[in-house]
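In this text, residue positions in the sequence shown follow the numbering used here: the first is 837, and each later residue adds one.
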Amino acid sequence: MASASPREPKIGTQTPFDTISLQLCFRSDDAQFWWNTTGRMLARLLRGAKYTTTEQYRELFFYALWVIPELGPAPNTGGEPNAWPSVWSPSGTPIEFSWDFGIVGDGSMVRYSFEPIGKQAGTDEDPLNSHAAGDWSDCVHRQGMVPNLDLSWYRHFTAHLLPPTDPKRVQTGEGMVVEEITPKAGTGVAIDVEASGPVMKVYLFPGLRALELSISNLEVVERAIRSLPPDKLAALQVEPLLSYLHEATARWGMETGIVCIDCLKPGDARIKIYVRAPHTTLDWLTDAITLGGRMDLSEYAEAVQDLKDLWQAFLGRGSHVVPADAPGRARPGFYFTVGRGKPASPKMYLSPGYYVKSDVEVIKRLRGFYASRTTGCEKLRVVEEFAAALKDTYGDRLEQSGSGKIFYVGAAMTKKHGLRVVTYHDPSPAAPFLASSTVSTNTSTIPLSSPQTPRGEAALVHAAACGRRSGGRRVDHRQSRPILKNAVYKNAKVSAEARVADLLARMTNEEKASQRDVDTAAESGDHWFKSDLNWVNGTEDIWEISLLSNHFVSIVQWLQAYAS
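Written out as structure tokens, the structure reads:
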């Protein structure tokens, strides 16, 4: 191996979040606020869940360019509510993150879901935030930003579950807002951060349509499902589930609250129906996971016992009815998944904040749960990684009584590996986001990142990070997408292909990189710089945003690591 030259980089001195923060400048203080807070948390979770550097860059760029501009106004420092207070998390923050602990031999996965908030949401122009999610979904579909995205079921279910968009025809049901089961909620979007790229789902709230039609939420959902084409309806195998939901509504006082749909072609898509009831008994748990005795869980014996143990770890062993005046999230619930030609599968979720005193106690109980499992050693390490990520994110806030940063714990049963546990987090900007950040717990102001002028290869990184086309959206997001700092593209009009060739030769000759690194750079360079370069041919429109997801990551890593 050749000795280090003056051009040898200092590997590991910056995280992907740091690098991206230096490259992008958001056009509004609101967007910069959300990036400095929620973007930092997502970065820490990705790192804690052992995502590769490449995957971290890809997901953080997607988040910065496509999610941050949709989160609406930052929290109002004057104490006045925003025109559209989100119901997506207990604090009103329009986004939540989740950590999937996986199963034995399987890594953790980070997910997030958010409510796109339109610029006129909550005003007379858009009283129900009716357009933002649809506009956003159409835009990412046109740009090819989400692999295998298919919006056919999204369009079907929005037409049947949501009220008409004409505000004059909508009964808003004043006083009927009940947290996430609310007739006035907008559509939410969920992103699973998988190795192959983001996978998208949408959450729909049928409550307002139910009010308009004077029927129950469950009846609205059932009508929407039954209106599918006969072959698609038959493939769902949904009849046992619908029968049970009606039965459980009468027996347990169950509420149907949310419908979630995979944005995939119908043959691959699933539908999830979220319910909850004011009971903490094992009878309610057993009834729900067996669909009232309709499902045989004999092959899930270990998972069923694990689920009961997790349930009692948080809810206790007594037989209780949740008080009527308790927060809605205090009611344990389930969501049932149908699709892909498989029978309905139940998954449990509960809100620990009503039953334990702090988030530290939640982590302690998760630790105790895994410690008592026969295969718990591996997952105990994951719990510690999870705890470290939250500690870095929230600091001492985790120990505060009733902080509620972990506001849901969920679990799914598997045949051979027990439970798959998921936690859901409220990234409230009021929390101290990282010990190393400039966020102060005594002020609601979060400083913007300071501009820095890029030089050399870093200018290419800047140029590559610019995406400015709105794609004909109803709201012109050219005014909200991140832009390059200091308009550096004006100084970057050189031959990118020659620059790539020069760096490849230097890397090879000085043996600074493995052959895999060289091959990766060559492949990315050839495909991207030769085939997809726009501004070399004289345009000033630089790269389309859609190129970022597919080709940008390797170039960024490579330039960061091997350029001066």
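Built from N, CA and C at the ideal position, the CB exists for glycine as well.
Just so it is clear, the structure is predicted and the values come from calculations on it, not from any experiment.
Roughly how many whole angstroms lie between the Cα atoms of threonine 1229 and valine 1196?
13 angstroms
So within the stretch 1188-1260, which uninterrupted alpha helix (DSSP H) runs reach at least 4 residues, ignoring any that extend past its ends?
1195-1207 and 1212-1230
Delimiting residues of the alpha helix (DSSP H) encompassing arginine 970:
Rather than arginine, the amino acid found at residue 970 in this sequence is glycine. That run of the alpha helix (DSSP H) goes 968-979.
Do valine 1111 and glycine 1169 have their C-beta atoms within less than 8 angstroms of each other?
yes
Alpha carbon of glycine 1254 to alpha carbon of glutamate 1220, nearest angstrom
20 angstroms
What residue ranges within the stretch 1109-1187 form continuous beta strand (DSSP E) runs of no fewer than 3 residues, ordered along the chain?
1169-1175 and 1178-1186
In whole angstroms, give me the CA-to-CA distance for isoleucine 1017 and tryptophan 924.
Residue confidence for isoleucine 1017 is low, a pLDDT of 43 falling below 50, so the modelled location carries little weight; the figure read from the coordinates is stated next. Each residue's Cα considered, the two are about 10 angstroms apart.
Whole-number beta carbon distance between glycine 958 and tryptophan 920, since they are thought to touch under 8 angstroms:
4 angstroms
What does the alpha-carbon distance come out to for the pair arginine 1209 and threonine 873?
36 angstroms
Go through the stretch 1020-1091 residue by residue and report every complete run of the beta strand (DSSP E) that reaches 3 residues or more, in order.
1024-1030 and 1033-1040
Please name the residue, chosen from Leu1077, Leu1133, Gly1189 and Tyr1206, that lies closest to serine 927 on a Cα-to-Cα basis.
Gly1189
Starting from the C-beta of glycine 1089, find all residues in its chain whose C-beta is less than 7 angstroms away, skip the five residues before and the five after it, and write them out in chain order.
So the list reads Ala1113 and Pro1114, once near-sequence residues are dropped.
May I have the straight-line CA-CA distance separating phenylalanine 1269 from methionine 877, to the nearest angstrom?
Legend: pLDDT at phenylalanine 1269 = 32, less than 50; position of this residue unreliable, value from coordinates given subsequently. Answer to the nearest angstrom: the Cα atoms are 7 angstroms apart.
Going along the chain, which residues of its own chain have a beta-carbon closer than 7 angstroms to the beta-carbon of arginine 1176, five neighbours each way excluded?
Asp1104 and Arg1106
If I measure Cβ to Cβ from glutamate 1138 and keep anything under 6 angstroms in the same chain, skipping five residues before and after, which residues do I get?
Gly1254
Under the three-state DSSP convention, the category glutamate 932 falls into:
strand
With a threshold of 16 other CB atoms inside 10 Å of the CB of aspartate 1262, please say whether the residue is buried or exposed.
Burial is judged here by how many other beta carbons sit within 10 angstroms of a residue's own beta carbon; aspartate 1262 has at least 16 and is buried.
Do you know whose CA, among Lys1252, Met1249 and Tyr1260, lies nearest cysteine 1241's CA?
For clarity, residue 1241 is lysine in the given sequence; the question names cysteine instead. With distances taken between Cα atoms, lysine 1241 lies closest to Tyr1260.
Around the Cβ of arginine 1062, are there at least 16 other Cβ atoms within 10 angstroms (buried) or fewer (exposed)?
So arginine 1062 ends up on the exposed side.
DSSP state of phenylalanine 897, grouped into three classes?
Per DSSP, reduced to three states, the secondary structure at phenylalanine 897 is helical.
Taking the continuous beta strand (DSSP E) assigned at serine 1264, which residues delimit it?
Counting along the chain, serine 1264 falls outside any beta strand (DSSP E), and DSSP gives it neither H nor E.
On the criterion of 16 or more Cβ atoms from any shown chain inside 10 Å, does glutamine 1141 qualify as buried, or is it exposed?
When all chains shown are included, glutamine 1141 counts as exposed.
Residue burial classification, glutamate 891 (beta-carbon count within 10 angstroms, cutoff 16):
Taking a 10 Å sphere around the C-beta of glutamate 891, we find 16 or more other C-beta atoms and assign the residue as buried.
Starting from serine 857, trace the alpha helix (DSSP H) both ways and give me its first and last residue.
If you look at serine 857, you'll find it in the alpha helix (DSSP H) that goes 852-859.
Got a sec, what are the start and stop residues for the alpha helix (DSSP H) phenylalanine 993 sits in?
988-997 is the span of the alpha helix (DSSP H), which, as asked, contains phenylalanine 993.
Can you grab the Cα-Cα spacing for the pair lysine 1037 / alanine 1149, in whole Å?
30 angstroms
How should glutamine 979 be labelled, buried or exposed, when 16 other C-beta atoms within 10 angstroms of its C-beta is the threshold for buried?
buried
If you follow the beta strand (DSSP E) that leucine 937 is in, where does it begin and where does it stop?
The question names leucine, but residue 937 is phenylalanine in the sequence shown. Segment: none, phenylalanine 937 is in no beta strand (DSSP E) and carries neither H nor E.
Smallest Cα separation from valine 994: which of Ala1248, Ala1166, Asp1232 and Ser966?
It should be pointed out that residue 994 corresponds to threonine in this sequence rather than to valine. Threonine 994 has its Cα closest to that of Ser966, out of Ala1248, Ala1166, Asp1232 and Ser966.
Got a sec, what are the start and stop residues for the beta strand (DSSP E) arginine 947 sits in?
945-950
Whole angstroms is fine: what's the gap from methionine 981's alpha carbon to tryptophan 935's?
23 angstroms
Backbone CA spacing between tyrosine 1136 and threonine 1126 [nearest angstrom]:
11 angstroms
In its own chain, which residues sit with a C-beta less than 8 angstroms from the C-beta of valine 1057, not counting the 5 before and 5 after it?
Leu997, Pro1042, Thr1092, Val1095 and Ile1109
Any idea what DSSP makes of arginine 880, helix, strand or coil?
helix
List the endpoints of the continuous alpha helix (DSSP H) containing glutamine 956.
Counting along the chain, glutamine 956 sits inside no alpha helix (DSSP H), nor does DSSP assign it H or E at all.
Nearest-angstrom Cα separation, counted from valine 946 out to threonine 851
If you take the alpha carbons of threonine 851 and valine 946, they lie about 18 angstroms apart.
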